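Undergrad: First the structure, then my questions, so here it is.
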Amino acid sequence: MSMWTVCVPGWAACVTAATLLLYGTLDVAYFARMMFTVARARYFRKRACLLDTTEIKSYCLLNDIDTLLYHMNNARYLRELDFARVDFYERTGLYANIRGAGGAVVQAAATIRYRRFLKPFTKFTITSKAIYWDEKTVFMEHEFIGPGGFVHAVAVCRQRVIDTSAAAIADLLVQLHCGGACRPPPCKMPPEHYRVGLSGLVVRGAFKFCIALTHITLPQERGQVNFRHVLITLVLALLELELWVQSNDISSARLRGVSPLPLQPPQLQGAGEVIPTSTAE
1 MSMWTVCVPG
11 WAACVTAATL
21 LLYGTLDVAY
31 FARMMFTVAR
41 ARYFRKRACL
51 LDTTEIKSYC
61 LLNDIDTLLY
71 HMNNARYLRE
81 LDFARVDFYE
91 RTGLYANIRG
101 AGGAVVQAAA
111 TIRYRRFLKP
121 FTKFTITSKA
131 IYWDEKTVFM
141 EHEFIGPGGF
151 VHAVAVCRQR
161 VIDTSAAAIA
171 DLLVQLHCGG
181 ACRPPPCKMP
191 PEHYRVGLSG
201 LVVRGAFKFC
211 IALTHITLPQ
221 ERGQVNFRHV
231 LITLVLALLE
241 LELWVQSNDI
251 SSARLRGVSP
261 LPLQPPQLQG
271 AGEVIPTSTA
281 E
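Numbering follows my numbering, with no gaps: position 190 of the sequence shown is 190.
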C-alpha cells in the first residue's frame with residue numbers, strides 16, 4: 001500500500017511568496033513613502049502659509065536611475081513631485097480645506113524642463129510654491145535643486161480643483177495664516193488670449209486666421225482629404241509648439257540669472273576637433 005505525503009509550506013514560505021507577489025503587483029515603496037510623507041508633514045513639520053515655498057529632501061537611489069546607470073530617470077522626476085505636493089498640501093492646509101468643502105483636487109497638466117541630470121546617490125531638494133490660482137485651478141512651480149544650489153530641473157503643474165472654488169479657499173488660507181508676512185499674492189491672470197504675454201498678438205492672429213478658414217468654401221469630393229481641417233490643425237500645432245519653445249526659452253533665461261550653468265573647459269578630441277561640453281540647457 002503506497003503512502004502519499006502532502007507538503008504544506010511553512011509560514012516563512014507563505015510570507016515570502018506573498019511579499020514577492022505584493023512587490024510584483026504594487027509599488028510598495030511609493031505608498032510607504034507617501035504615508036510617511038503625509039504623517040511627517042501633518043504632525044512633525046512646521047505649518048506653512050499658502051504663499052510660502054516649501055522644501056523636501058530626497059536622494060537619487062539605485063531604483064531611480066536610467067538604463068544607462070548614470071543618471072536619474074526622467075520619469076522619476078514627476079514621481080518625486082507627488083511627495084513634494086503632498087508635503088505642500090498638508091503643511092498649508094490646502095488639501096484639508098478642499099476636502100472639507102466637499103471638493104477634490106487632481107493634476108490636470110504638467111510640464112517639466114531638464115537642465116542637467118542628477119547622478120546616483122546625489123542629494124537634492126524639491127521646492128514647491130503656488131504661483132497662481134483662479135476659481136478652478138492652482139498652478140504650482142517645483143524646482144529640483146542639487147548641491148551648490150544649481151537648479152537641475154523645473155516643473156510647472158496645473159492642479160484642477162473639483163466641486164468647490166479654489167480661489168475662495170486659497171484667499172481664505174492667505175487671510176488666516178499669512179497675515180502680510182509672506183510674498184504678495186499672485187496678480188490676477190490676464191484674459192485667456194493674452195496669457196502668452198508678448199506673443200498675445202501672434203496667438204490672436206493665428207486664431208483669426210483659423211476662424212477665417214472655417215468660412216472659406218473649398219471644393220471637396222467624396223473620399224478627398226479635408227484640406228481646410230488639415231491646415232487649421234497644422235497651424236494650431238505649430239503655434240502650440242512655438243509657444244512651448246518660447247516658454248522653455250523664458251524659463252531658461254530666468255534660471256540662468258538665478259543659477260547659471262557652471263563654466264567648463266572644452267573637451268579636445270583625438271582628431272584635433274574641439275567640442276564644447278554639452279549641457280541640457
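Beta carbons: idealized from backbone N, C-alpha and C, even for Gly.
Remember, predicted model here, so these are calculated numbers, not experimental data.
Compute the distance between the beta-carbons of Ala153 and Phe144, then report whether it is under 7 Å.
TA: In contact: Ala153 and Phe144 (Cβ atoms closer than 7 Å).
Undergrad: Just the Cα atoms here: how many angstroms apart are Phe83 and Met34?
TA: Cα to Cα, Phe83 sits roughly 6 Å from Met34.
Undergrad: Helix or strand or just coil, what does DSSP make of Arg47?
TA: Reduced to three states, the DSSP call for Arg47 is coil.
Undergrad: Can you tell me whether Val86 is buried or exposed, with buried defined as 16 or more other CB within 10 angstroms of its CB?
TA: That one is buried.
Undergrad: Can you give, in chain order, each stretch of the beta strand (DSSP E) that sits fully within the segment 85-126 and has at least 3 residues?
TA: If we require 3 residues or more, the beta strand (DSSP E) runs fully inside the segment 85-126 come out as 104-114.
Undergrad: Report the rounded CA-to-CA distance for Gln175 versus Ala29, giving the unit in angstroms.
TA: Rounded to whole angstroms, Gln175 to Ala29 spans 37 Å at the Cα level.
Undergrad: Just to confirm the assignment, what range does the alpha helix (DSSP H) spanning Tyr23 have?
TA: Run containing Tyr23: 11-25, per the alpha helix (DSSP H) assignment.
Undergrad: Excluding the 5 residues flanking Arg256 on each side, which residues of the same chain have their C-beta closer than 6 Å to its C-beta?
TA: Once the five neighbours on either side are set aside, Arg256 has no close Cβ partner at all.
Undergrad: Less than 8 Å between the CB atoms is what I'm expecting for Thr125 and His142, so what's the real figure, rounded?
TA: Contact flag wrong, Cβ pair sits at about 10 Å.
Undergrad: So, at 6 Å on beta carbons, what are the nonlocal neighbours of Ala41 in its own chain, with the 5 sequence-adjacent residues on each side left out?
TA: Around Ala41: Asp87, Glu90, Arg91.
Undergrad: When the Cα atoms are used, what is the spatial distance from Asp249 to Ala167?
TA: Asp249 and Ala167: Cα-Cα distance of roughly 30 Å.
Undergrad: Measure from the C-beta of Ala96 to each C-beta in chain D and report whether the shortest distance is under 7 Å.
TA: The displayed structure is made up of one protein chain only, and chain D is not part of it.
Undergrad: Which complete beta strand (DSSP E) runs does the segment 124-153 hold, if anything under 3 residues is left out?
TA: Fully enclosed beta strand (DSSP E) runs of 3 or longer: 137-145.
Undergrad: In the DSSP assignment, what residue or residues form a beta bridge with Gln246?
TA: DSSP lists no partner for Gln246.
Undergrad: Taking DSSP as the reference, what is the three-state secondary structure of Ser165?
TA: DSSP places Ser165 in coil when its eight states are reduced to three.
Undergrad: Compare the C-alpha of Thr67 against each of Lys119, Ala253, Asp171 and name the closest.
TA: Of the listed residues, the one whose Cα sits closest to Thr67 is Lys119.
Undergrad: Quick check on Pro276: buried or exposed, where buried means 16 or more other Cβ atoms within 10 Å of its Cβ?
TA: Confidence at Pro276 is low in this model, with a pLDDT of 44, below 50, so the placement of that residue should be treated as unreliable; the coordinate-derived value is given next. With fewer than 16 Cβ atoms within 10 Å of its Cβ, Pro276 is classed as exposed.
Undergrad: Among Ile112, Ala110, Tyr95, Tyr43, whose alpha-carbon lies nearest the alpha-carbon of Ala104?
TA: The shortest C-alpha separation from Ala104 is found at Tyr95.
Undergrad: Shortest alpha-carbon distance to Ser287 belongs to which of Ile112, Asp171, His177?
TA: Outside the displayed range of the chain (1 to 281) lies residue 287, so it cannot be described from this structure.
Undergrad: Which residue comes first and which comes last in the beta strand (DSSP E) that contains Ile56?
TA: Residues 54-59.
Undergrad: Take Asp64 and list the residues in its own chain whose beta-carbon comes closer than 7 Å to its own, dropping the five residues that flank it on each side.
TA: These residues qualify, in order along the chain: Met72, Asn73, Arg76.
Undergrad: For Gly102 and Leu239, what's the separation of their Cα atoms in angstroms?
TA: So the two alpha carbons sit approximately 38 Å from each other.
Undergrad: Alpha carbon to alpha carbon, how far is Leu22 from Thr16?
TA: Approximately 10 Å between the Cα atoms of the pair.
Undergrad: Checking the sheet assignment: what are the DSSP bridge partners for Cys178?
TA: Cys178 pairs with nothing; no bridge assigned.
Undergrad: Under 7 Å between the Cβ atoms of Cys49 and Cys178?
TA: Result yes, Cβ atoms of Cys49 and Cys178 sit closer than 7 Å.
Undergrad: So, at 7 Å on beta carbons, what are the nonlocal neighbours of Val245 in its own chain, with the 5 sequence-adjacent residues on each side left out?
TA: No residues qualify anywhere along the chain.
Undergrad: Within 10 angstroms of the Cβ of Ile56, are there 16 or more other Cβ atoms? Answer buried if so, exposed if not.
TA: With 16 or more other Cβ atoms within 10 Å, it is buried.
Undergrad: Rounded to a whole number of angstroms, what is the C-alpha to C-alpha distance between Thr54 and Tyr43?
TA: Going by the C-alpha atoms only, they are around 16 Å apart.
Undergrad: Thr137 and Arg160: beta carbons closer than 7 Å?
TA: In contact: Thr137 and Arg160 (Cβ atoms closer than 7 Å).
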